[in-house]
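Here's the structure we're looking at; comments come further down.
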DNA sequence: TAACCGAACTCTGAATACAGAATTCAGAAT
DNA sequence: ATTCTGAATTCTGTATTCAGAGTTCGGTTA
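Residue numbers (our numbering), protein chains in the order written: chain B, 70 to 306; chain F, 70 to 306.
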């Protein structure tokens, strides 16, 4: 029986592979991406690489390099602030809608999401903490009943993961993030949409302050751009 | 003296050309786009067409067709409602920020934007009315000081123009839209960000109601997909 | 007449080739 | 030692080709 799920195209696979490298910091800010090298290391021709790069540029993960080619967008405090401004209203909307439309699902599934988040903090693994944070917020996006919220927010989360990773790698974990998540969830479960929205917006504003001030404290990276890392990536078959 | 402005790539030009065709309704909902035909009519190879199509898909203007290829996304009431939900919070944010950060620019330039809008209504040209509506809102996005708002909203406006075009073509013009715009502008000019945001959100919610109810009244289009229109487009050199 | 099957055709994704722009590097001039 | 110039190299955008999947159409069968 042939699977009915469409096979993921090479472009999509290359997009995800590059996105993963960026998110994990293996391609750093302002690293220039060379199409032929990526194509070789992934074992594909240049065409799907080029197409994936165009999509990544469109989603803000890459920007035009000086001269020619594309580079990884720098991590900039102003962009983080702008992103969190947008996030505050989008997450506020998602949370209000979740409380209004899906309080019951929140009661069914929410506690497990919170438990996984607290376990991630105990694990002290940065990747797990970030993934758990994302899980919580995408859980709310899903409950909102408006697929556009996740659709619009998705590409931004990749940028945010890089910022969070950078900040967490060099600083300490914010202590009360999961208390805040839990408080938000309680309002959602109780169907109190205005209170849920207010908490969500305050949570995002607080996170913005923490992240941007931590970025301000980080040492400015050396102006020399390190060479592009050439790591062999196996093409998924 | 050679111009320092970078020449727009073929992909970008093809993207804009196709986007224009979609927005003007020359490619209708669920029309399947044939890469070779578009390439021929634009006088380019298939590759930049394919890349442009991928970007348009990523921006929601196209979706996968049954079987293979890409088609123009259908106009759906639910998507419009979801879009306007997102718009309400984004336009609210933009308007509040504009009042907070750029009231003076609003005082300098806002009256001309309103005048052009009222002239567009008097002209009875649908294209002009839509362009003027967009001008007003992008004016506010610009005043907001957060470039992400325009960046996120941009692709959605193409979809909205199609909906507006469809509705306006078959119905009457909403009468008080520019009164509402003017009231919003007055709050922005006065720097009253909370009042500006409130008016903006109410304006968007009202527009959503009008658009979705008008869509409900429209006759369901015939299920036969008309043939793709082959119109010769000159490649810009 | 309707359903089925296979051949022919169409279209798309990916690979490859080509052309031109950008970058690098080595040698010459100051 | 520094600057400049031209050649060589690298890289990107675009065109072309190839292979395979999907669609259409005509003929056959029930």
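Where is the CB? At the ideal position from N, CA and C, for every residue including glycine.
8 Å contact criterion, which residue i and residue j should meet: CB distance rounded
i: residue 269 of chain F; j: residue 186 of chain F; result: Not quite, the Cβ-Cβ distance comes to about 15 Å (not below 8 Å), so this is no contact.
i: residue 157 of chain B; j: residue 274 of chain B; result: 6 Å
i: residue 140 of chain F; j: residue 100 of chain F; result: 6 Å
i: residue 261 of chain B; j: residue 163 of chain B; result: At roughly 15 Å, the Cβ-Cβ gap does not stay under 8 Å, so residue 261 of chain B and residue 163 of chain B are not in contact.
i: residue 51 of chain B; j: residue 229 of chain B; result: Residue 51 of chain B is absent from the model: chain B starts at 70 and stops at 306.
i: residue 209 of chain B; j: residue 155 of chain F; result: Actually they are not in contact, since the Cβ atoms of residue 209 of chain B and residue 155 of chain F sit about 15 Å apart, beyond 8 Å.
Cβ neighbours of residue i in the same chain (closer than 8 Å, five flanking residues each side left out)
i: residue 227 of chain B; result: 88, 91, 92, 128, 130
Which of helix, strand or coil DSSP assigns to residue i
i: residue 160 of chain B; result: helix
i: residue 239 of chain F; result: helix
i: residue 261 of chain F; result: coil
i: residue 137 of chain F; result: coil
i: residue 177 of chain B; result: helix
i: residue 123 of chain F; result: helix
i: residue 130 of chain F; result: coil
i: residue 144 of chain B; result: coil
i: residue 187 of chain F; result: helix
With 16 other Cβ atoms within 10 Å as the buried cut-off, status of residue i
i: residue 245 of chain B; result: exposed
i: residue 282 of chain F; result: exposed
i: residue 64 of chain B; result: Residue coverage of chain B in this structure runs from 70 to 306, which leaves residue 64 of chain B outside it and unanswerable.
i: residue 191 of chain F; result: exposed
i: residue 123 of chain B; result: buried
i: residue 147 of chain B; result: exposed
i: residue 82 of chain B; result: buried
i: residue 286 of chain F; result: exposed
i: residue 85 of chain F; result: exposed
i: residue 188 of chain B; result: exposed
i: residue 276 of chain F; result: buried
i: residue 78 of chain F; result: exposed
i: residue 114 of chain B; result: exposed
i: residue 256 of chain F; result: buried
C-beta atoms of residue i and residue j nearer than 7 Å
i: residue 258 of chain F; j: residue 176 of chain F; result: yes
i: residue 310 of chain B; j: residue 159 of chain B; result: Only positions 70 to 306 of chain B appear in the structure, and residue 310 of chain B is not among them; the question remains open.
i: residue 98 of chain F; j: residue 152 of chain F; result: no
i: residue 182 of chain F; j: residue 205 of chain F; result: yes
i: residue 266 of chain B; j: residue 134 of chain B; result: no
Proximal residues to residue i (C-beta, below 6 Å), its chain only, five neighbours per side dropped
i: residue 249 of chain F; result: 272
i: residue 225 of chain B; result: 152
i: residue 170 of chain B; result: 214
i: residue 138 of chain B; result: 101
i: residue 96 of chain B; result: 90, 141
i: residue 264 of chain B; result: 256
Own chain, CB closer than 7 Å to residue i, minus 5 neighbours either side, in chain order
i: residue 252 of chain B; result: 268
i: residue 236 of chain F; result: 280, 283, 284
i: residue 234 of chain B; result: 94, 195, 199
i: residue 80 of chain F; result: 117, 120, 121
i: residue 207 of chain F; result: 219
i: residue 108 of chain B; result: 114, 115, 118
i: residue 174 of chain B; result: 212
i: residue 247 of chain F; result: 183, 186, 187, 190
heavy atom of the ligand SAH below 6 Å from residue i C-beta
i: residue 91 of chain F; result: Of ligands this structure carries none, so the ligand SAH is not represented either.
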